[in-house]
Amino acid sequence: MPVIVYDVPNWALGMGLVLTWVLLGLGAQAVLPRRWREHATEADRNVALASLGVIATINSLLLAFSAVSVWDSFSAAEQAVSREATAMAQLGRSLAVYGTPESTLARERLRGYGRSVIGKEWAAMQHEQPSQQTQDAFDDVYRSLGALRPASAAETVLVEQMWSQVNDLLMQRRARLEASDGKVPTTLWVVVLVSSLLTLAPVAVLPVTACSRGAIVVLAIALGLVFHFVAAMDRPFLGAERVTSDPIENALANMQRWDARSLPVAAR
Numbered sequence: 456m457p458v459i460v461y462d463v464p465n466w467a468l469g470m471g472l473v474l475t476w477v478l479l480g481l482g483a484q485a486v487l488p489r490r491w492r493e494h495a496t497e498a499d500r501n502v503a504l505a506s507l508g509v510i511a512t513i514n515s516l517l518l519a520f521s522a523v524s525v526w527d528s529f530s531a532a533e534q535a536v537s538r539e540a541t542a543m544a545q546l547g548r549s550l551a552v553y554g555t556p557e558s559t560l561a562r563e564r565l566r567g568y569g570r571s572v573i574g575k576e577w578a579a580m581q582h583e584q585p586s587q588q589t590q591d592a593f594d595d596v597y598r599s600l601g602a603l604r605p606a607s608a609a610e611t612v613l614v615e616q617m618w619s620q621v622n623d624l625l626m627q628r629r630a631r632l633e634a635s636d637g638k639v640p641t642t643l644w645v646v647v648l649v650s651s652l653l654t655l656a657p658v659a660v661l662p663v664t665a666c667s668r669g670a671i672v673v674l675a676i677a678l679g680l681v682f683h684f685v686a687a688m689d690r691p692f693l694g695a696e697r698v699t700s701d702p703i704e705n706a707l708a709n710m711q712r713w714d715a716r717s718l719p720v721a722a723r
């Protein structure tokens with residue numbers, strides 16, 4: 456879906472999609488020449504209903520595939536952000552425990568990376584663009600870890616653990632960036648759209664009655680609701696249902712709380 460769609464409130468997007476499908480369904484029935492329906496035999500109507508069953512089944516499978524696809528992408532993005540925040544919190548605590556000027560610098564750079572993710576990279580991801588400043592901030596964390604020189608066996612073990620944590624942070628960062636590019640391919644959107652329109656076509660040939668119009672409206676509402684779900688979840692970091700940066704913000708807040716509780720100990 457175009458990025459501009461996600462500036463619309465979620466309820467308005469849903470109502471708009473449902474209304475669009477209802478208008479398409481009723482419009483197709485109104486546009487179809489009346490003489491075609493009048494000359495249609497019972498056998499013709501049976502063929503139309505049979506065709507509706509086949510097309511609806513195929514379209515249901517396509518819509519289900521699209522819904523599962525966008526939900527998997529959304530879940531992957533959510534998990535990547537949560538795991539990145541966890542890796543950041545673990546590394547921050549390890550650096551705080553290490554307690555040298557070099558580790559303090561590395562921890563500040565880690566904090567700077569987290570702020571850059573929230574303040575710069577998050578907005579860039581929403582437009583599928585990279586943030587070089589955030590990448591540079593992450594590289595600075597690596598350089599700071601490279602400056603650590605353990606003086607004891609315990610510090611050596613802790614440094615090895617920190618390297619494992621920063622590598623995990625790198626892996627989760629890449630997973631988040633990959634998830635930001637996840638969306639339904641244009642080809643699939645076109646196929647599902649055409650298939651859904653074909654689903655309404657057999658109903659339009661039925662006689663214009665309250666029952667046939669009701670069937671078109673119900674079918675159109677169902678299509679509109681599914682399209683709303685797929686559209687709302689299509690881009691994990693956009694829209695009302697987007698993945699937020701709350702886990703990373705919480706990780707930074709926990710680092711700040713750790714520092715605040717450590718001040719009295721340092722003073723003594």
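For what it's worth, my numbering labels the leading residue of the sequence shown as 456, then goes sequentially.
Where a beta carbon is used, it is the ideal one built from N, C-alpha and C, also for glycine.
Which class does residue i belong to by DSSP, given the choice of helix, strand or coil?
i, result
"Lys-575", "helix"
"Thr-699", "coil"
"Ala-606", "coil"
"Thr-584", "Note that residue 584 corresponds to Gln in the displayed sequence, not to Thr. In this structure, Gln-584 counts as coil in the three-state DSSP scheme."
"Pro-662", "coil"
"Pro-640", "coil"
"Arg-723", "Since pLDDT at Arg-723 reaches only 34, below the 50 mark, its modelled position is unreliable, and no value is offered."
"Phe-692", "coil"
"Asp-509", "The amino acid at residue 509 is misidentified as Asp; the sequence shows Val. Reduced to three states, the DSSP call for Val-509 is helix."
Can you list, in chain order, the residues of its chain whose CB lies under 7 angstroms from that of residue i, leaving out five sequence neighbours each side?
i, result
"Asn-514", "Ser-650, Ser-651, Thr-654"
"Gly-471", "none"
"Ser-506", "Pro-657"
In chain order, what residues of the same chain lie with their CB nearer than 6 angstroms to the CB of residue i, ignoring the 5 residues before and after it?
i, result
"Asn-622", "none"
"Ala-722", "Low per-residue confidence applies at Ala-722: pLDDT is 42, beneath 50, and the placement is therefore not dependable, though the value from the model is reported in the following sentence. Cβ neighbours of Ala-722 beyond the five flanking positions: none."
"Leu-661", "Ser-667"
"Val-720", "Bear in mind that a pLDDT of 45 at Val-720, under 50, signals an unreliable position, so the model cannot answer this."
Would you mind stating whether residue i and residue j have Cβ atoms separated by less than 8 angstroms?
i, j, result
"Leu-603", "Val-596", "no"
"Gly-508", "Ile-703", "no"
"Ala-675", "Gly-469", "no"
"Met-543", "Leu-565", "yes"
"Glu-610", "Asn-465", "no"
"Val-647", "Val-477", "no"
"Pro-657", "Ala-498", "no"
"Pro-585", "Ala-592", "no"
"Ser-599", "Ala-561", "yes"
"Gln-627", "Gln-545", "no"
Using a Cβ-Cβ cutoff of less than 8 angstroms, which residues in the same chain neighbour residue i once the five nearest sequence positions on both sides are dropped?
i, result
"Trp-713", "Gly-547, Arg-548, Ala-551"
Self-check item: Segment contact, 8 angstroms Cβ cut-off, at least three pairs: the stretch 475-488 with the stretch 684-693
Solution: no
Quiz item: Given 8 angstroms as the limit, is there contact between the stretch 631-640 and the stretch 524-539, that is, 3 or more CB pairs closer than that?
Solution: yes
Quiz item: Touch check for the stretch 672-691 and the stretch 519-526: three-plus C-beta pairs under 8 angstroms?
Solution: yes
Quiz item: Is there contact between the stretch 538-554 and the stretch 562-579, where contact requires at least three CB pairs shorter than 8 angstroms?
Solution: yes
Quiz item: Do the stretch 541-559 and the stretch 669-684 meet, that is, are 3 or more Cβ pairs less than 8 angstroms apart?
Solution: no
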